[in-house]
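Visitor:
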Amino acid sequence: MTAASQPDPVDTTTHIARTALGLFLEHGYEQVTVNAIAAAAGVSRRTVFRHFESKDEIPFADHAERRERARVFLAAPGRGVDPVRDVIEATEYTLADFLSDPDLVLRRYRLTRVVPRLAEREILEHERYLVHSRRHLRLHLPSSSRTFEPMAIAALIDGMHRSALGDWICSGGTTDAMADLRSGTRWAQRALAAATDDAVSTSLLAVVPNTPTARRLLQELVTLDAPDRPHPAAGGPGGG
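So the sequence shown is numbered by my numbering: it starts at 819 and just counts up by one.
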């Protein structure tokens, strides 16, 4: 094979992962060795370990590259004006990338259902996507934002992603995951807007005539708005 015809590293990674997933599902995860994967994929054992640090990484070949694309997406020029919208769009981009290779996603789901440590690894892989979302929100949310907001907002949007993708997987790929995600993020935006409205106190500025009646009414409003003051107890100071 000439240098010009060498396979793309990404293609080799995906090819090994697809081959391995097929073997895992057919023969059982523990029964399949790296040597067997290499032989079935038509590559050397050394090549397998050039692309994967361990056997446990092989089912998750697509995550690292997808996360990097999401990071680049969020760092693009012009981002940051509406950081919540940025994270939503990056999440839609990530979901579309998942859905572009349904066979790989569905096979991995089948495998993680029967190999508990791979199910735990899948959770960890998904958590790593949140790193970029939280960082973007910390950098670009208003300085008045509370310290928990980047983590809370990122988790809320990610929850909509996981729900949409999870429903799609459980349906065997028959639901409209993107429509479900967009419905969920619209709900999340409404919830965030309501939370912001509750958290921000409002002021009323009015122009009134400088008359005794206006001053009396304003004083009554100030009194009504003041915190309750303790009333003197009966028999105490000022009591009868």
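From the three backbone atoms N, C-alpha and C, an ideal C-beta is built for every residue, glycine too.
Roughly how many angstroms lie between the CA atoms of Glu945 and Asp985, to the nearest whole one?
Guide: Taking the sequence shown and counting its residues from 1, one reaches residue 945 at position 127. Taking the sequence shown and counting its residues from 1, one reaches residue 985 at position 167. Cα to Cα, Glu945 sits roughly 18 angstroms from Asp985.
Visitor: What ranges does the alpha helix (DSSP H) occupy inside the region 865–950, keeping only unbroken runs of at least 4 residues that lie completely in it?
Guide: 881–893, 901–917, 920–930
Visitor: Relative to the C-alpha of Ile834, which candidate in Glu844, Glu848, Gly860 has its C-alpha closest?
Guide: Within the sequence shown, residue 834 is the residue found at index 16, counting from 1. Nearest C-alpha to Ile834: Gly860.
Visitor: Going by Cα to Cα distance, which pick from Val905, Tyr847, Ser918 is closest to Leu983?
Guide: If you number the sequence shown from 1, residue 983 lands on position 165. Nearest C-alpha to Leu983: Ser918.
Visitor: With H, G and I counted as helix, E and B as strand and the rest as coil, what does DSSP make of Thr832?
Guide: Working through the sequence shown from its first residue, we reach residue 832 at position 14. Correct three-state label for Thr832: helix.
Visitor: Does Phe842 come out as helix, strand or coil in the three-state DSSP assignment?
Guide: Numbered from its first residue, the sequence shown carries residue 842 at position 24. Note: Phe842 maps to helix in three-state DSSP.
Visitor: Between which two residues does the alpha helix (DSSP H) holding Arg980 run?
Guide: Here residue 980 refers to the residue found at position 162 of the sequence shown. Taken as a continuous stretch (DSSP letters only), the alpha helix (DSSP H) holding Arg980 covers 967–988.
Visitor: Indicate whether the contact test is met: 3 or more Cβ pairs, each with one atom in the region 908–916 and one in the region 841–857, closer than 8 angstroms.
Guide: no
Visitor: What are the start and end residues of the alpha helix (DSSP H) that includes Asn853?
Guide: To locate residue 853, count along the sequence shown from 1; it is residue 35. Run containing Asn853: 852–859, per the alpha helix (DSSP H) assignment.
Visitor: CA-CA distance, Ala893 and Ala972?
Guide: In the sequence shown, counting from the first residue as 1, residue 893 sits at position 75. In the sequence shown, counting from the first residue as 1, residue 972 sits at position 154. The alpha-carbon atoms of Ala893 and Ala972 are separated by roughly 16 angstroms.
Visitor: Decide if Ala937 is buried, meaning its Cβ has at least 16 other Cβ atoms within 10 Å, or exposed.
Guide: Here residue 937 corresponds to residue number 119 of the sequence shown, with the count starting at 1. Exposed, because fewer than 16 other Cβ atoms sit within 10 Å of the Cβ of Ala937.
Visitor: Is Thr1031 helix, strand or coil by DSSP?
Guide: For the purposes of this step, residue 1031 is taken as residue 213 along the sequence shown, with counting starting at 1. Thr1031 falls in the helix class under three-state DSSP.
Visitor: Beta-carbon separation of Asp874 and Arg939 under 8 angstroms?
Guide: On the sequence shown, position 56 is the one that residue 874 refers to. On the sequence shown, position 121 is the one that residue 939 refers to. Remark: C-beta atoms of Asp874 and Arg939 approach each other more closely than 8 angstroms.
Visitor: Leaving out five residues before and five after Cys889 in sequence, what residues of the same chain have Cβ atoms less than 8 angstroms from its Cβ?
Guide: One-based indexing of the sequence shown puts residue 889 at position 71. Correcting the residue identity first, residue 889 is Arg in this sequence and not Cys. Answer for Arg889: His950, listed in chain order.
Visitor: Using the beta-carbon count (16 or more within 10 Å), is Glu886 buried or exposed?
Guide: As a working mapping, residue 886 is identified with position 68 in the sequence shown. Classification of Glu886: exposed, given that the 10 Å Cβ count is below 16.
Visitor: Once DSSP output is grouped into helix, strand and coil, what is the label at Leu959?
Guide: For the purposes of this step, residue 959 is taken as the residue at position 141 of the sequence shown. Coil.
Visitor: For Leu957, which option in Val902, Glu943, Thr865, Gly840 has the closest C-alpha, if you only look at C-alpha atoms?
Guide: Taking the sequence shown and counting its residues from 1, one reaches residue 957 at position 139. Of the candidates Val902, Glu943, Thr865, Gly840, the one whose C-alpha sits nearest the C-alpha of Leu957 is Val902.
Visitor: Can you tell me the Cβ-Cβ gap for Val852 and Arg864, rounded? I've got them flagged as a contact below 8 angstroms.
Guide: Along the sequence shown, read from residue 1 onward, the residue named residue 852 stands at position 34. Along the sequence shown, read from residue 1 onward, the residue named residue 864 stands at position 46. Actually they do not touch by this definition, with Cβ atoms about 10 angstroms apart.
Visitor: Grab me the residues of Ala858's own chain with a C-beta within less than 7 angstroms of its C-beta, minus the 5 sequence neighbours each way, in chain order.
Guide: As a working note, residue 858 is residue 40 in the sequence shown. Cβ within range, chain order: Thr837, Leu841.
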